[in-house]
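> Sharing a structure here in C-alpha cells format.
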Amino acid sequence: MAGRIEDYALIGDMQTAALVCRDGTVDWLCLPRFDSHAIFAGLLGTGEHGFWRMGPAYAPGAEPPTAARRSYRGDSLILESEWDTPRGTVRVTDFMPPRDGAPQLIRIVEGVSGRVPMRSELRMRFSYGRVVPWVHKHEGRTVAVAGPDSVWFDTEAETYGKALTTYADFTVAPGDRMAFTISWEPSHKEPPPLPEPEQSLEATEDFWRDWVEHCTYHGPYREAVVRSLITLKALTYAPTGGIVAAPTTSLPEDIGGVRNWDYRYTWLRDAAITLSSLLRTGYREEARAWREWLLRAVAGDPENLQIMYGIAGERELGEAELDWLPGYEGSTPVRVGNGAAHQLQLDVYGEVTEALHLGHMTGLARNDYASVLQLKLIRYLEDHWQEPDEGIWEVRGPRRHFVHSKVMAWVAVDRTIKLIESGDADGPLERWKQLRDDIHRDVCEKGYDKERNTFTQSYGSQELDASLLLIPQMGFLPPDDKRVIGTIEAIQRELSTSDGFILRYPTEGGDEGVDGLPGDEGAFLACSFWMADDLAMIGRVDEARKLFEKLLSLRNDVGLLAEEWDPRLQRQVGNFPQAFSHVPLIDTALRLTASGAYGG
Numbered sequence: 260m261a262g263r264i265e266d267y268a269l270i271g272d273m274q275t276a277a278l279v280c281r282d283g284t285v286d287w288l289c290l291p292r293f294d295s296h297a298i299f300a301g302l303l304g305t306g307e308h309g310f311w312r313m314g315p316a317y318a319p320g321a322e323p324p325t326a327a328r329r330s331y332r333g334d335s336l337i338l339e340s341e342w343d344t345p346r347g348t349v350r351v352t353d354f355m356p357p358r359d360g361a362p363q364l365i366r367i368v369e370g371v372s373g374r375v376p377m378r379s380e381l382r383m384r385f386s387y388g389r390v391v392p393w394v395h396k397h398e399g400r401t402v403a404v405a406g407p408d409s410v411w412f413d414t415e416a417e418t419y420g421k422a423l424t425t426y427a428d429f430t431v432a433p434g435d436r437m438a439f440t441i442s443w444e445p446s447h448k449e450p451p452p453l454p455e456p457e458q459s460l461e462a463t464e465d466f467w468r469d470w471v472e473h474c475t476y477h478g479p480y481r482e483a484v485v486r487s488l489i490t491l492k493a494l495t496y497a498p499t500g501g502i503v504a505a506p507t508t509s510l511p512e513d514i515g516g517v518r519n520w521d522y523r524y525t526w527l528r529d530a531a532i533t534l535s536s537l538l539r540t541g542y543r544e545e546a547r548a549w550r551e552w553l554l555r556a557v558a559g560d561p562e563n564l565q566i567m568y569g570i571a572g573e574r575e576l577g578e579a580e581l582d583w584l585p586g587y588e589g590s591t592p593v594r595v596g597n598g599a600a601h602q603l604q605l606d607v608y609g610e611v612t613e614a615l616h617l618g619h620m621t622g623l624a625r626n627d628y629a630s631v632l633q634l635k636l637i638r639y640l641e642d643h644w645q646e647p648d649e650g651i652w653e654v655r656g657p658r659r660h661f662v663h664s665k666v667m668a669w670v671a672v673d674r675t676i677k678l679i680e681s682g683d684a685d686g687p688l689e690r691w692k693q694l695r696d697d698i699h700r701d702v703c704e705k706g707y708d709k710e711r712n713t714f715t716q717s718y719g720s721q722e723l724d725a726s727l728l729l730i731p732q733m734g735f736l737p738p739d740d741k742r743v744i745g746t747i748e749a750i751q752r753e754l755s756t757s758d759g760f761i762l763r764y765p766t767e768g769g770d771e772g773v774d775g776l777p778g779d780e781g782a783f784l785a786c787s788f789w790m791a792d793d794l795a796m797i798g799r800v801d802e803a804r805k806l807f808e809k810l811l812s813l814r815n816d817v818g819l820l821a822e823e824w825d826p827r828l829q830r831q832v833g834n835f836p837q838a839f840s841h842v843p844l845i846d847t848a849l850r851l852t853a854s855g856a857y858g859g
C-alpha cells in the first residue's frame, strides 16, 4: 500500500519526476516525460503495479522500516534519507541529474555506522503497471524491455531475479558507497552509456547551487520560498519551458471518491501565476522560456485559447480511465488525460494578459508577437465576455456567469489599455476603456449581494467562492472598499474549515453541487494563501501572518504541499506537489515581508 501523500519527497530532472516515500520506495515515475506512462505506478495501486524500494533489509511479511530522518541536501533536489537500525546507521541519497542524454534515477547507499544489511527491490511495470517487461542481461547489464521502452539497471552489487522482481542484497559498513542507477532509452536504440553516479551527484549539486544563487528574495521566509522555487523549477519541462501543475495523476481531492484528475499538463492559469512568482524572485530566464512556450502553444488560433496544453504545446489531451489500477486508497477512477482542456474559462484570458503585462513591466525583452497576441485576446473577449463559462474551478456542471471570470475579463482589458497607453501597441483605446467600464459595472450590479455585503460566486447565486478574494489583488476594487471587506469577512464565515483554512466553494455533503460532482473535498491551499494576502491588504497583518505560518506548518518534512488539506483526516490530499499551492506561498511571503508583518 502506498504511503500517505505527505510521506513522499520529490526528485526530478526538469523533464520528469519521481516520488520517494519515507520507507525508501519510489512509487511513482513516468519516463521519459512527466506525461509519459509510469514505470512505477504503485502510488495508484499496489506493489504489483511497479516500485523500487531501497532500504535496510527486513523480515518477510514485516513492514519496511521508515527513515528516521530525511532532508534535501542544502538548497537542492538531492534527497538524503537515514535509517537507524539495531546494526547501525545507513544513508540513501536519491536524485535525478539534470538531463544530458538518457534520463536517470540514481540511488547511492552509504554506510554511516555499524554494518547494515540492505536490500534493493526493483519491480518494473510499464504502461501504468499493466505490462510486465522482458527482463534479461545484456553485456553484463540488466535491461527491461516492452514495446517502445527499455530501462537499464546498473549496479556493482550482485543481483538476482525472483517473482518477476530484481533484487540485490548487500551490507554496508562506514565509508562504503554502493550506487544503483536506472536509465531509460527507446528500445530500438543502442544502450545508454554506463552511468557515472558520483560525477552526476557532484554536477547535480552544482546545478542547484548555481540556480538558487539567482534568487533575489532574502526575507524571513527564505527557506520556504526557496524550497517552493526549487519545486516550481522541478515542475518545468526544460526543453520547452512549459510548467506542469503537478507531476502526478489521480491523487484524490476526496479520499475514496471520484475527484481524481490528471495534472501533468500546463494550465495557462497556473503557469501564468508561476511566471509572476519567478519574475519577482529574480528568475527572468524561466519567465522568458514560459512566454515563448505560450506563444508557440496558442500560435495561429488565439481565439480558441485552451485552458491547458501538453508540456510541448499539444492540444489534444483526451481523458481515459485506467480500470486495472485500484486507485490511491481505493479512489477511483484513475484518469489520464484531462477532459477539461476544451472548457470555456474566460478568466484564463485575464491570467495570460496579466502575465504578459508583468513581463513587460519588469523589463522582459520585448516580443512583438506577445503584443499582437494580447490584442487578439481582447478582441475575442469583446465579443464573448458576456457568455457563461465553466470558471476557474473547471466545473463539470452547467455553465454560469462566474464573477471571477468577469473580473479577470476586466483585468485583461485593463492591462491591454495600459499596454496601448505605454506606446507599445496600437488599439481602439476609447472603445476598450468603455468596455472596461461596462464589465466593471456589470460585475458590481449583477455579482454583488447588497443585503449580505458580499460578491457572490456567480450572477444571481447566494453561494460564495474563494476566487472572489482576488478582486483586490487584481486591482478591480481597492482593499478598503466596503464591498471587498464584506466579501473577505463573508468568506471567513461561510467557507472556513474548523481549523481556519478556506474551501474553494460549498460542496453539498455528497450530493452533486455547482461542480457537477458527488462528494466533498478539502481546503484548497491556494485559497487560504489568498485569504492571508487579503487580510494583509486590509490592515489585519497579524492575522495574516498567523494564517500564513499555520499554512507553512502543513508542509511535509521536506517542505512540500499537495493541492488541498483535509481537515477531517488532518492530511494532505490532491495531486502532489502542487504548483498552485507553492506559487501563492511565495506571493504571500513577499507581501508579508514587504508589509513588515512577520515576527522578529
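Each residue of the sequence shown is one higher than the one before, starting from 260 at the first, in the numbering used here. By construction, the Cβ of each residue, glycine as well, lies at the ideal position given by its N, Cα and C atoms. Note that this is a predicted model, so its numbers are computed, not measured.
At the level of alpha carbons, what is the spacing between Gly-373 and Gly-516?
46 Å
> With H, G and I counted as helix, E and B as strand and the rest as coil, what does DSSP make of Ser-854?
helix
> To test your reading of the DSSP string, which unbroken beta strand (DSSP E) runs of 3 or more residues are found completely within the segment 658-688?
none
> Per DSSP, what kind of secondary structure is Met-796 in: helix, strand or coil?
helix
> Under the three-state reduction of DSSP, which class applies to Trp-552: helix, strand or coil?
helix
> Does the beta-carbon of Gly-798 have 16 or more other beta-carbons within 10 angstroms, so that it is buried, or is it exposed?
exposed
> So, under 8 Å CB-CB, Glu-341 and Ala-327 are touching, yes? Tell me the CB distance rounded to an integer number of Å.
Contact between Glu-341 and Ala-327 holds, with the beta-carbon distance rounding to 6 Å and staying under 8 Å.
> Based on Cα-Cα distance, which residue from Gly-306, Val-285, Gly-347, Arg-281 lies nearest to Pro-324?
Arg-281
> Could you tell me whether the Cβ atoms of Gly-534 and Gly-618 are closer together than 9 Å?
Here residue 534 turns out to be Leu, not Gly, going by the sequence shown. Gly-618 sits close to Leu-534, with the two beta carbons spaced by under 9 Å.
> Glu-822: buried (16+ other C-beta within 10 angstroms of its C-beta) or exposed?
buried
> Start and end of the beta strand (DSSP E) containing Leu-364?
From DSSP, the beta strand (DSSP E) with Leu-364 extends over 363-373.
> When the Cα atoms are used, what is the spatial distance from Val-285 to Val-832?
19 Å
> Identify whether Arg-281 lies in helix, strand or coil by the three-state DSSP scheme.
coil
> Quick one: using the 10 Å Cβ neighbour count with 16 as the cut-off for buried, is His-395 buried or exposed?
With fewer than 16 Cβ atoms within 10 Å of its Cβ, His-395 is classed as exposed.
> Does the segment 526-540 come close enough to the segment 843-858 that 3 or more CB-CB pairs lie under 8 Å?
yes
> Counting along the chain, where does the alpha helix (DSSP H) carrying Asp-408 start and finish?
If you look at Asp-408, you'll find it isn't in any alpha helix (DSSP H); it sits in the beta strand (DSSP E) that goes 408-414.
> Which two residues bound the contiguous alpha helix (DSSP H) that contains Pro-456?
456-471
> Measuring alpha carbon to alpha carbon, tell me which of Asp-272, Arg-638, Glu-704 ends up nearest Ala-462.
Of Asp-272, Arg-638, Glu-704, the smallest CA-CA separation from Ala-462 is found for Asp-272.
> Tell me which residues share the same chain as Arg-384 and place their Cβ nearer than 6 Å to its Cβ, disregarding the 5 neighbours each side in the sequence.
His-308, Gly-309
> Since Gly-515 is in the alpha helix (DSSP H), which residue starts that stretch and which ends it?
Note, Gly-515: premise wrong, no alpha helix (DSSP H); not H, not E.
> Using the Cα positions of Leu-303 and Val-279, report the straight-line distance between them to the nearest angstrom.
14 Å
> Need the endpoints of the alpha helix (DSSP H) that Lys-448 sits in, please.
Careful: Lys-448 lies outside any alpha helix (DSSP H) and carries neither H nor E.
> Does the contact criterion of 3 or more C-beta pairs under 8 Å hold for the segment 679-698 versus the segment 709-725?
At 8 Å Cβ cutoff, the stretches do not touch.
> When you compare the CB positions of Leu-381 and Thr-430, do they come within less than 9 Å of one another, or not?
no
> Out of curiosity, what's the CA-to-CA distance linking Gly-858 and Phe-412?
A caution first: Gly-858 carries a pLDDT of 48, below 50, which makes its placement in the model too unreliable to give a value.
> Tell me the rounded alpha-carbon separation between Asn-626 and Leu-615.
Whole-angstrom Cα-Cα distance: 10 Å.
> Could you have a look at Arg-263 and say whether DSSP puts it in helix, strand or coil?
The answer is coil: DSSP assigns Arg-263 none of H, G, I, E or B.
> State the DSSP-derived secondary structure class of Asp-770, mapped to helix, strand or coil.
In this prediction, Asp-770 has a pLDDT of 46, which is less than 50 and means its spatial position is unreliable; nothing more can be read from the coordinates.
> Measuring only the C-alpha atoms, how far is Ser-757 from His-601?
36 Å
> What do you reckon, are the CB atoms on Glu-522 and Thr-508 nearer than 9 Å?
Reading off the sequence shown, one finds Tyr at residue 522, where the question assumed Glu. Between Tyr-522 and Thr-508, the gap from beta carbon to beta carbon is short of 9 Å.
> Three Cβ pairs or more, each shorter than 8 Å: is that satisfied between the segment 543-559 and the segment 497-507?
yes
> For Arg-594, collect the residues of the same chain with a Cβ closer than 8 Å to its Cβ; drop the 5 residues on either side in sequence, then sort them by chain order.
Thr-508, Ser-509, Asn-519, Trp-520, Asp-521, Glu-578, Ala-579, Glu-580, Leu-581
> Rounded to a whole number of angstroms, what is the C-alpha to C-alpha distance between Trp-669 and Thr-746?
19 Å
> Kindly indicate which residue of Val-371, Ser-379, Val-368, Ile-367 has the alpha-carbon position closest to the one of Ala-316.
Ser-379
> Determine the DSSP secondary structure at Ser-787, reduced to helix, strand or coil.
Ser-787 falls in the helix class under three-state DSSP.
> Leaving aside the five residues before and after Phe-760 along the sequence, list all residues of the same chain whose C-beta is less than 7 Å from its C-beta, in chain order.
Ala-782, Ser-787, Trp-824, Pro-826
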